[in-house]
Structure formats: C-alpha cells, structure tokens
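Protein sequences, first through last, are from chains Y and Z. Under our numbering, the residue at position 77 of the first sequence is numbered 478, and the numbers go up by one with no gaps. Under our numbering, the residue at position 102 of the second sequence is numbered 503, and the numbers go up by one with no gaps. Glycine included, each C-beta is placed from N, C-alpha and C at the ideal position. Notes follow once the structure below has been shown.
There are 2 protein chains.
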Amino acid sequence: MLSHQLSFCYLCFFGKRYGHKDRGKGRVDMTIDEAWDILFKHDYKRTKNREILLRFFDEADNYVTAMEVRVAVEQDNPGISFDTIYRNLAVFSKLGILDETELNGERLFRMQCAIDHHHHHFICTTCGSTKPIPSCPMDMVTVNLSEYEIEGHKFEIYGRCPKCIE
Amino acid sequence: MLSHQLSFCYLCFFGKRYGHKDRGKGRVDMTIDEAWDILFKHDYKRTKNREILLRFFDEADNYVTAMEVRVAVEQDNPGISFDTIYRNLAVFSKLGILDETELNGERLFRMQCAIDHHHHHFICTTCGSTKPIPSCPMDMVTVNLSEYEIEGHKFEIYGRCPKCIE
DNA sequence: CCTTTAATTCGTAATCATTCCGATTACTTT
DNA sequence: AAAGTAATCGGAATGATTACGAATTAAAGG
C-alpha cells in the first residue's frame with residue numbers, strides 16, 4: 402500500500418541524507434543519539450547496519466513497512482541480510498526506539514515520538530504520515546476495571562491526511 | 402451518570418464472563434440467524450461449513466485465532482480445507498458478522514457484539530475474553546482534524562481478566 | 001597494537017500463515 | 001431433474017518472517 406510512496410521517501414531521504422532534519426511544528430522524535438544511548442545501556446554494540454537503520458528512521462516522517470525499510474537500507478548496504486533488518490527492527494521496537502503498529506495486515510514502524518507526555522496518533526492510510534493526538538482515552542474510561550490487570554492500550558485514528566486527499 | 406453508561410455493557414460483560422449465552426434475558430452477540438440474514442442479503446448461500454463456523458463462533462466467548470477455529474471446526478468436518486476457513490472468515494469479517502483484531506501478530510476473531518451503540522473492548526491477552534468499554538474516545542478528541550478524512554479508529558485495552566490473574 | 005571474546009552479520013534454508021488455482025461438489029432455481 | 005453458479009477440496013504457491021551455522025566485526029584488556 403505504501404510502496405508507491407517509497408520513491409518519494411527515497412528521494413527525500415537521500416536528498417537530505419546528511420543534512421539537518423526539519424524539526425519544526427511539533428515534530429519531536431527521538432534523535433539518533435538518544436537511540437544509541439538506549440542501545441548502549443542495554444549492551445548493544447554500535448554497528449554500521451544499526452547506524453544505517455537509525456538514519457533511515459530519523460529521516461522518515463511516516464510509518465513504513467519492513468519491506469520499505471529493506472529497500473531503502475539496501476541502498477546504503479547492498480546485500481544486507483533480511484535477518485539483520487528484522488532482528489534489529491525487533492530490538493529497536495522492544496527497546497522503545499521504534500514505534501510499531503499494524504494496518505491491514507502490514508507491520509509498520511516509525512521512530513518513537515519523544516514528546517514528553519503520553520499521546521496517540523492519527524495515521525494516514527495512504528502515506529503513513531502521522532499527527533499526534535494529545536489526549537488519552539484511558540483518562541476518560543469510566544468502566545470499573547479494578548479487578549483487571551491492565552497491560553496496555555491502543556488508540557489510533559485512521560484516514561487520509563490533507564496531502565493525500567488532493 | 403456512570404450507571405447509565407454501564408447498563409448495557411454489564412449485560413454484555415456477564416454474558417462473556419461466565420461462558421454462557423443467556424438466551425433468556427440479555428443476549429449480547431449476534432445470533433446465528435441474524436448472521437444468515439446478512440449472508441442471504443448478500444447472496445451468500447447456506448452451506449454446511451458456514452453453519453459449522455457460525456455455530457462455533459456462537460459458542461465461543463473469546464477472541465480466537467484462525468488456527469483455533471481450524472482445529473475446532475475440524476471436529477465437525479474433518480478434512481475441511483484451509484481455504485474454506487480463511488475465505489469464510491474474510492467474508493464474515495467483511496460483512497460485519499465477525500469482529501477482527503490483531504494482537505502480537507496474531508489475527509483474532511469473535512462474533513460481532515450486537516450492542517446497539519458503538520463501543521470498544523478490553524481484551525484479555527491470556528484467554529481472549531472481552532469486556533465492553535461503553536465510551537468512545539472519538540467523542541473526546543479535541544485536536545482539529547477537519548482537514549483530515551477519517552476512515553476509522555481503534556481503541557482497545559489489553560491485559561488480564563480476573564480469571565486469568567489467579 | 002595485538003589478542004580475546006562475544007556480539008553481530010551473512011547467506012540461505014526453513015517456517016508459517018495465508019492465498020491461489022484447477023477440478024469437483026453442492027446449492028438454488030427453473 | 002437439469003442447468004447455472006457458488007462453494008469446496010486438495011495441494012501447491014506465495015510472501016513475510018525467523019532460524020542457523022559459518023564468517024566477520026566491535027569492544028575491552030593487556
């Protein structure tokens with residue numbers, strides 16, 4: 402679904418590959434350095450592939466599929482193994498460096514938002530871009546769940562962003 | 402205020418929790434007959450396999466995986482094809498007879514709740530049982546999404562139900 | 001700098017759920 | 001009952017993900 406967007410992301414990606422990320426208007430994602438801090442704290446080593454992956458996610462503004470990650474990352478390291486990609490996606494996701502969701506049977510990843518307070522997202526089903534929803538429905542749940550052990554929750558709004566409506 | 406919001410859902414809740422369909426008072430899920438009505442309305446035919454599937458979901462109180470459906474349904478019809486199961490799960494899901502969600506990469510299905518008003522669910526990650534959450538976070542979203550085209554949303558709370566905590 | 005050690009990666013095979021497909025069977029209508 | 005069409009069967013194909021042994025590489029210590 403998102404594959405058509407890929408060429409765009411790509412050009413974008415390589416265009417500002419070593420440039421400065423636009424962090425304007427509320428776009429506050431975890432930085433590469435913060436990601437490394439987390440990795441080191443958990444005894445993961447600095448490697449070329451992880452660097453490539455983190456750079457890719459640092460530049461990407463949307464949720465992307467594992468396949469899109471693969472295609473993009475192969476530009477920097479042709480012949481990178483599937484295993485390496487999936488293994489690291491899983492590590493990043495486990496450590497909270499990446500945010501993972503699922504849409505229409507596709508696994509989607511993006512850099513974890515570094516916004517201080519807990520929030521949720523609108524997700525564009527066409528391009529995978531997001532818009533933060535500051536409120537959390539858990540604050541408003543009135544049902545008594547005292548006998549339940551809550552492990553987590555998910556609130557996402559799906560649709561098309563202004564750009565994709567045109 | 403609270404009790405008013407909860408009234409409908411307690412019926413649903415107890416129907417699930419005790420594993421029985423209360424056919425006398427408050428039946429909470431779509432009935433098999435209602436499912437057939439929907440199928441006929443869309444020109445799907447009455448078949449043995451669909452009957453088996455609907456019966457299974459009518460009895461099941463929890464979200465179940467496709468694999469669990471398969472194992473259960475093979476009791477009634479040994480040698481039923483995967484294709485038949487997956488095809489009909491997709492049809493039921495598309496027609497709103499089944500409710501489908503995803504947890505840890507697993508697709509889960511259950512009979513659609515027949516509660517009048519829109520609601521959400523707590524889902525037990527151990528047994529797949531559910532508890533309705535009558536409120537909907539969409540009512541409380543304050544972010545301006547007027548330029549966005551909203552296609553849908555998802556709100557689910559995950560955890561362990563009282564039975565599975567013990 | 002060299003050595004050691006354990007993590008990481010590679011390359012590919014294996015797995016697993018799901019879907020596809022041609023041939024057959026079953027349902028519904030006439 | 002016959003025709004027409006939907007549904008199923010059985011198994012092969014697909015596609016994403018994971019597993020695994022061998023080779024490579026990063027970090028730490030001397």
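So, using beta-carbon positions, are H554(Z) and M539(Z) closer together than 7 Å?
yes
Sequence-distant residues of its chain with Cβ nearer than 6 Å to R471(Z) (five each side left out)
In its chain, beyond the 5 residues on either side, I486 have a beta carbon closer than 6 Å to the beta carbon of R471(Z).
Which residue from K532(Y), Y549(Y), C537(Y) and E552(Y) puts its Cα closest to that of N545(Z)?
K532(Y)
If we count Cβ pairs, one from each stretch, closer than 8 Å, do we get three or more for the segment 475-482 of chain Y versus the segment 493-508 of chain Y?
In short, these stretches do not touch, since the Cβ pair count stays below three.
Could you give the distance in angstroms between the alpha-carbon of E452(Y) and the alpha-carbon of A461(Z)?
47 Å
In this structure, does DSSP put D423(Z) in helix, strand or coil?
For D423(Z), the pLDDT reaches just 47, beneath the cut-off of 50, and the residue's location in the model is therefore unreliable, leaving the point undetermined.
Local conformation of S536(Z) per DSSP, three classes:
coil
Coil, strand or helix - F481(Z) by DSSP
Phe is not the amino acid found at residue 481(Z); the sequence shown has Ile there. Coil at I481(Z), not helix or strand.
Could you tell me which whole beta strand (DSSP E) segments of length 3 or greater appear in the segment 485-511 of chain Y?
499-504
Rounded to a whole number of angstroms, what is the C-alpha to C-alpha distance between R456(Z) and I524(Y)?
36 Å
Tell me which residue opens and which closes the alpha helix (DSSP H) that E452(Z) is part of.
For E452(Z), the uninterrupted alpha helix (DSSP H) run begins and ends at K449 to E460, by DSSP.
Quick check: is the beta carbon of V429(Z) nearer than 7 Å to any beta carbon in chain Y?
no
Note down, in chain order, all residues in the segment 537-557 of chain Y with a beta-carbon under 9 Å from any beta-carbon belonging to chain Z.
C537, P538, M539, D540, M541, V542, T543, V544, N545, L546, E548, Y549, E550, I551, E552, G553, H554, K555, F556 and E557
Within-7 Å CB hit, P563(Z) to chain Y:
Yes, contact with chain Y.
I want to see whether chain Y comes within less than 7 Å of E507(Z), judged by CB atoms only; does it?
no
Could you tell me the boundaries of the beta strand (DSSP E) in which K555(Y) lies?
E550 to R561
Does F355(Z) pass the burial test, meaning 16 or more other C-beta atoms within 10 Å, or should it be called exposed?
For chain Z, the structure presents residues 402 to 567; residue 355(Z) sits outside this window and is missing.
Any C-beta of chain Z within less than 9 Å: which residues of the segment 521-534 of chain Y qualify?
H521, F523, C525, T526, K532, P533 and I534
Using DSSP's beta-bridge definition, name the partner residues of V465(Y).
F510(Y)
Applying the criterion that 16 or more other CB atoms from any shown protein chain within 10 Å of the CB defines a buried residue, is F510(Y) buried or exposed?
Looking at its Cβ environment, which holds 16 or more other Cβ atoms inside 10 Å, F510(Y) is buried.
Check whether chain Z comes within 7 Å of Y464(Y), counting only Cβ atoms and requiring the distance to be less than that.
no
Which value, in whole angstroms, describes the spacing of the CA atoms of C562(Z) and C528(Y)?
37 Å
Is there a C-beta anywhere in chain Z that falls below 7 Å from the one on E503(Y)?
yes
Going by C-alpha to C-alpha distance, which of E552(Y), T543(Y), S530(Y) and D444(Y) sits closest to Y549(Z)?
S530(Y)
G506(Y) beta carbon less than 7 Å from that of E552(Z):
no
Starting from Y559(Y), find everything on chain Z with Cβ-Cβ shorter than 7 Å and list it in chain order.
Per Cβ cutoff of 7 Å: E552, G553 and H554.
For T526(Z), write down the residues that DSSP places opposite it in a beta bridge.
DSSP lists no partner for T526(Z).
Kindly indicate the opening and closing residues of the alpha helix (DSSP H) around D438(Y).
I433 to K442
Partner residues on chain Y for I566(Z), Cβ-Cβ distance less than 7 Å:
E550
What residues in its chain sit with their C-beta under 8 Å from that of K422(Y), if we drop five residues either side in the sequence?
Any reading at K422(Y) must be qualified, since the residue scores a pLDDT of 43, below 50, and its modelled position is unreliable; the value itself is stated next. Excluding sequence neighbours, K422(Y) sits near D459 and E460.
Rounding to the nearest angstrom, what Cα-Cα distance links K426(Z) and A436(Z) in this structure?
Its pLDDT being 32, under 50, K426(Z) is placed unreliably in this model, and the value from its coordinates should be taken loosely. Straight across, the Cα-Cα distance linking K426(Z) with A436(Z) is about 20 Å.
Based on the DSSP secondary-structure assignment, which residues constitute the bridge partners of H521(Z)?
I534(Z)
Determine whether the beta carbon atoms of V429(Y) and A491(Y) lie at a separation below 7 Å.
no
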